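Quick notes on the structure that follows.
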Amino acid sequence: MQIIPRKSPFDFDHIFHGWWGGVPSTDTTTPVTFAPKVDIFEEKGKYRIVADLPGVERENIKLTLDEGVLTLEAVLERESKKEEKGKVIRRERFSGSYLRRFDLGDNIAEDDVQAEFNNGVLTLEIPFLEPRERAAKRIQIR
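In UniProt numbering, the protein residues as written are 1 to 142.
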């Protein structure tokens with residue numbers, strides 16, 4: 001299985017976290033990225049993928065599997081459009097969308113994938129295809 005990386009080349013915040021021991025940015029104009037964490041396990045006969053999607057509603061999650069590539073899309077919607085009284089000092093809650101792709105290869109049973117979403121955690125079980133026994137084919141020489 002190949003995993004398509006999700007790191008943005010424009011994410012410079014990680015530099016300061018490393019140098020200054022994780023001191024968070026105080027700049028309220030810094031865009032916040034909605035990038036949930038994903039764990040991938042290879043178990044007997046299947047992959048198990050667990051993604052944290054806190055605050056996301058079930059109807060705002062879209063999963064597709066096409067030629068061995070799993071695509072996970074999610075939209076996080078917050079009620080931040082309300083008119084607020086007073087000046088905003090800091091805003092860390094945000095709305096946004098998320099897209100992640102995983103190349104699972106061609107040895108998966110696409111029709112047997114199971115997905116469960118419970119308490120903000122998405123769990124996928126993706127079984128492997130049964131291995132086919134291959135017999136050597138004799139080639140006739142002319």
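No residue lacks a Cβ here, since even glycine has one placed at the ideal position from N, Cα and C.
As the structure is a prediction and not an experimental result, all values here were calculated from the model.
Looking at the unbroken beta strand (DSSP E) that takes in L129, where does it start and where does it end?
Looking at the DSSP string, L129 is not in any beta strand (DSSP E), and its letter there is neither H nor E.
Going by C-alpha distance, which of F128, I141 and E73 is nearest V56?
Comparing Cα-Cα distances from V56 to each of F128, I141 and E73, the minimum goes to E73.
Can you pull the DSSP bridge partners for I49?
Beta-bridge pairing links I49 to I40 and L124.
Using three-state DSSP, classify N119 as helix, strand or coil.
Three-state result, N119: coil.
Can you check whether the CB of G45 is closer than 8 Å to the CB of D106?
Against a cut-off of 8 Å, the Cβ pair of G45 and D106 comes out as no contact.
Assign F94 to one of two classes, buried (16 or more other C-beta atoms within 10 Å of its C-beta) or exposed (fewer than that).
The residue in question, F94, is exposed, as its Cβ has fewer than 16 Cβ neighbours within 10 Å.
Since Q114 sits in a beta bridge, which residues does DSSP pair it with?
In the DSSP output, where bridge partners are listed per residue, Q114 has E125.
Reduced DSSP secondary structure (H/G/I, E/B, other) of E67:
Here E67 sits in coil by DSSP.
For a quick check, are the C-beta atoms of L65 and E116 less than 8 Å apart?
Not in contact: L65 and E116 (Cβ atoms no closer than 8 Å).
Please name the residue in E59, G96 and I61 whose C-alpha comes closest to that of E77.
Of the listed residues, the one whose Cα sits closest to E77 is G96.
Once DSSP output is grouped into helix, strand and coil, what is the label at E59?
Helix.
Looking only at its chain, what residues have a beta carbon closer than 6 Å to the beta carbon of L122, apart from the 5 residues adjacent to it on each side?
Correct list, in chain order: A51 and L53.
Which partner residues of L76 appear in the DSSP bridge assignment?
DSSP output for L76 lists G96 as bridge partner(s).
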